[in-house]
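Going by full-length UniProt numbering, the first residue of the sequence shown is number 1, and it counts up by one from there.
Everything on this sheet refers to the single structure shown next.
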Amino acid sequence: MPQQLQTGLQFDAECQHWIAAHPDTVQAVLHHCGLRVRPAAESIPKALVGGPAGAMFGRWLRMSDGAAHQAGKPALQAALQRWSYEHQIEWRALVQSTAARRLIHGWADWMWVTPASSMAQMLGIAAEQADALTPLLRALAKGFAPAADEAAAQAAHQAAQALQALIAAAAPSSLLRAIQAEGWDNASDVQANLAGLIWQSFEATAALLGNGLVALARDAELAGRMRERDADWAALLKRVCRRDAPIRHTRRFAPQAIEVAGTLLPAGACIIVRLSGAGTSTFGHGPHACPGQDLALLIAKSALQQALHSGMPWPAVDDLRYEPAANLHAPIFVHHKVPT
1 MPQQLQTGLQ FDAECQHWIA AHPDTVQAVL HHCGLRVRPA AESIPKALVG GPAGAMFGRW
61 LRMSDGAAHQ AGKPALQAAL QRWSYEHQIE WRALVQSTAA RRLIHGWADW MWVTPASSMA
121 QMLGIAAEQA DALTPLLRAL AKGFAPAADE AAAQAAHQAA QALQALIAAA APSSLLRAIQ
181 AEGWDNASDV QANLAGLIWQ SFEATAALLG NGLVALARDA ELAGRMRERD ADWAALLKRV
241 CRRDAPIRHT RRFAPQAIEV AGTLLPAGAC IIVRLSGAGT STFGHGPHAC PGQDLALLIA
301 KSALQQALHS GMPWPAVDDL RYEPAANLHA PIFVHHKVPT
């Protein structure tokens, strides 16, 4: 029998953090208007303060609260929902073309490159440039890490500059026009958050894609059903998110003493909010729920459909290992080129 989750916040004495695991508690924390997504004393990772990567990070809606978040989030969310719906046939073809191109280089390349490259192409970046973004995005990942040293920070600054330059040089995308139509006209904030969409596709959507592939590779009956009848992809991806959430948890911080889910927290308290498990959502809830959920699911569905019909053998999933990251749950596929 699975262990029953306790309601309310549970204190972890070892890490000195509070844990929200029960679905009701997760909802309460994520909807709490008094909590913040960053520590009060560190709105930007310390290693990145004063450089381009830090400036970009500080403009991301997903990493900010207050007036800037309130001004931009509704516009971005409305624009993304309408844009992904209106262009879904076009984006499906783009993702599948990208996935087929990357699968030649192996399943690891297919998983990591397809989502971010597809997102970049949707924003007007040429396919060749979009496919080559992975080193920049890996540099950003290392720079955002809590243990980032000076070399990692400098590489992240260079990557942030290069990524934003590509976005600025691209022809104005239909998403940019949709965002502007929603009334969000701060050019620097918008550009930074377009870069943020590519970044989020690189980690979270790639992990969703990989975990979806593992689910199909482990269940021949499921794969056959999806291949023959193009069954309910929404249900499959929901199950993947519940059992193998690409992002395991998020954090919230108390800027001052505050009551949350029946517990009085001191100023500076950190809550680890578990997103995996029945009844919760890997896309979050409340003010910081992921605005690109529909687009992420479209990318994952389209790439997995391409994989199903590619005729390529499934990757080995026995004794599967995962990326050594505390939060990201992404499978490691043996890196080899698929025979053509």
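Even glycine gets a Cβ: it sits at the ideal position worked out from N, Cα and C.
In this text the structure is predicted, and so the values were computed from the model without any measurement.
Separation of E86 from S276, as counted between CA atoms: 30 Å
Quick one: measure Cβ to Cβ for L304 and G212, integer angstroms, because I've assumed they're closer than 8 Å. 5 Å
Please name the residue, chosen from I247, D131, L298, A139, that lies closest to S281 on a Cα-to-Cα basis. I247
Euclidean distance between Cα positions of A41 and Q96: 43 Å
For S118, name the three-state secondary structure that DSSP assigns. helix
8 Å Cβ shell around L298 - same chain, five flanking residues per side excluded: S84, Q88, W91, R92, V95
Return the CA-CA distance between A220 and A162, expressed in angstroms with no decimal places. 42 Å
Could you tell me which residues DSSP puts in a beta bridge with I332? R321
Given P291 as reference, the closest of P74, V29, A245 once Cα atoms are compared: P74
For D185, does the count of other Cβ atoms within 10 angstroms reach 16, so buried, or fall short, so exposed? exposed
Note down, in chain order, each residue of its chain lying with its Cβ closer than 7 Å to the Cβ of D65, except the 5 sequence neighbours on either side. R36, V37
In whole angstroms, what separates the C-alpha of A53 from that of G224? 44 Å
Which residue wins for smallest C-alpha separation from V214, given the options R321, L133, V190, A141? R321
Could you tell me the boundaries of the beta strand (DSSP E) in which I259 lies? Reading off the sequence, residue 259 comes out as Glu, not Ile. Taken as a continuous stretch (DSSP letters only), the beta strand (DSSP E) holding E259 covers 258–260.
State whether the segment 138–148 contacts the segment 43–62, with contact taken as three or more CB pairs (one from each stretch) at a distance under 8 Å. yes
Under a three-way DSSP split, which group does R38 fall into? coil
Assuming L76 contacts L295 under a Cβ cut-off of 8 Å, what Cβ separation, rounded to an integer in Å, is found between them? About 11 Å; that fails the 8 Å criterion.
Same chain, Cβ closer than 7 Å to W60, five either side skipped, listed in chain order: A192, N193, G196
Just to confirm, are Q137 and A116 a CB contact at a threshold of 8 Å? Residue 137 is actually Leu in this sequence, not Gln. Yes, the pair counts as a contact, with Cβ atoms nearer than the cut-off.
For the candidate residues A99, D149, G284, whose alpha-carbon lies nearest to that of D131? A99
Quick one: measure Cβ to Cβ for R227 and H249, integer angstroms, because I've assumed they're closer than 8 Å. That pair is no contact at about 33 Å.
Could you tell me if D149 is buried or exposed, where buried requires 16 or more neighbouring beta carbons within 10 angstroms of its beta carbon? exposed
Report the CB separation of A156 from A139 in whole angstroms; it is logged as a contact under 8 Å. 6 Å
Would you kindly check if the distance between the Cβ of M111 and the Cβ of A206 is under 8 Å? yes
Round the Cβ separation of P315 and F333 to the nearest angstrom and send it over; I've been treating them as touching at under 8 Å. 5 Å
Per DSSP, what are the beta-bridge partners of L265 in this structure? I258
Check this for me: beta carbons of H105 and I271, under 8 Å apart or not? no
Keeping to the same chain, check which residues put their C-beta closer than 6 Å to that of L208; ignore five residues upstream and five downstream. P246, A300
What are the boundary residues of the beta strand (DSSP E) that residue 366 is part of? With the chain covering only 1 through 340, there is no way to say anything about residue 366.
Which of helix, strand or coil does DSSP assign to D189? helix
Three-state class that DSSP yields for Q16 in the structure shown: coil
Residues near G51 in its chain [Cβ-Cβ closer than 6 Å; skip 5 each side]: H157
Cα separation between V338 and R101? Residue placement at V338 is poorly supported in this model, since its pLDDT is 47, which falls under 50; the coordinates still yield a value, given next. If I take the Cα positions, the gap works out to 11 Å.
What three-state label does DSSP hand Q200 in the structure shown? helix
To the nearest angstrom, how far is it from the Cα of H285 to the Cα of D244? 18 Å
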